[in-house]
Amino acid sequence: MKIFGVGIDVIEVERIEEALKEFGERFLERVFTAEERAYCSKQKRPELHYAARWAAKEAVSKAFGTGIGEEVAWTEVEVLRGEAGEPSLRLHGAGKEFAERKGIKEVKISLTHAKHYAAANAVAMAE
1481 MKIFGVGIDV
1491 IEVERIEEAL
1501 KEFGERFLER
1511 VFTAEERAYC
1521 SKQKRPELHY
1531 AARWAAKEAV
1541 SKAFGTGIGE
1551 EVAWTEVEVL
1561 RGEAGEPSLR
1571 LHGAGKEFAE
1581 RKGIKEVKIS
1591 LTHAKHYAAA
1601 NAVAMAE
């Protein structure tokens, strides 16, 4: 396989906190899947986990070269947690179609967060 694209993103956790306060569920439903919301809402500081997932979605869109919105929507890029706690990615709808069309077979992601920032990177692998 070869690298199709690489993306990285960092976000201030405070931006997510503010969006949660101002828009609440409407924001969460627009950006995160039901499974992502279920996971994050159970955490001690949900905003950290939402921020990391936001960064991952942005990083994936950069690896694809599409940005968020025009070709791939927020909820079409889903960040999951594996059995060992590792992050993984599931694509839906136009996100999945884009990957298939471009021959992208796998997208590896890495997440991190600290008190004030969350970051993620993504590597899209194609045939």
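Going by the numbering used here, the sequence shown opens with residue 1481, and the numbers climb by one from there. Every residue, glycine too, gets a C-beta built ideally from N, C-alpha and C.
Give the range of the beta strand (DSSP E) segment to which GLY1545 is assigned.
-> The residue you call residue 1545 lines up with position 65 of the sequence shown. Segment: none, GLY1545 is in no beta strand (DSSP E) and carries neither H nor E.
Three CB pairs or more closer than 8 angstroms across the segment 1487–1502 and the segment 1515–1535 | yes
Looking at the unbroken beta strand (DSSP E) that takes in VAL1587, where does it start and where does it end?
-> Position 107 of the sequence shown, counting from 1, holds the residue named residue 1587. Judged by DSSP secondary structure, VAL1587 falls within the beta strand (DSSP E) whose first and last residues are 1584–1593.
Could you tell me how far apart the beta carbons of ALA1574 and PHE1484 are, in whole angstroms, since I believe they sit closer than 8 angstroms?
-> Within the sequence shown, residue 1574 is the residue found at index 94, counting from 1. Within the sequence shown, residue 1484 is the residue found at index 4, counting from 1. With 8 angstroms as the limit, ALA1574 and PHE1484 do not qualify as a contact, their Cβ atoms being about 17 angstroms apart.
Beta-carbon gap between ILE1589 and VAL1559 smaller than 9 angstroms | Counting from 1 along the sequence shown, the entry for residue 1589 is found at position 109. Counting from 1 along the sequence shown, the entry for residue 1559 is found at position 79. Taking 9 angstroms as the Cβ cut-off, ILE1589 and VAL1559 qualify as a contacting pair.
Apart from the five residues just before and just after ILE1491, which ones in its own chain have a Cβ nearer than 6 angstroms to its Cβ?
-> Within the sequence shown, numbered from 1, the residue matching residue 1491 stands at position 11. Here the set comprises ALA1531, TRP1534, ALA1535, ALA1598.
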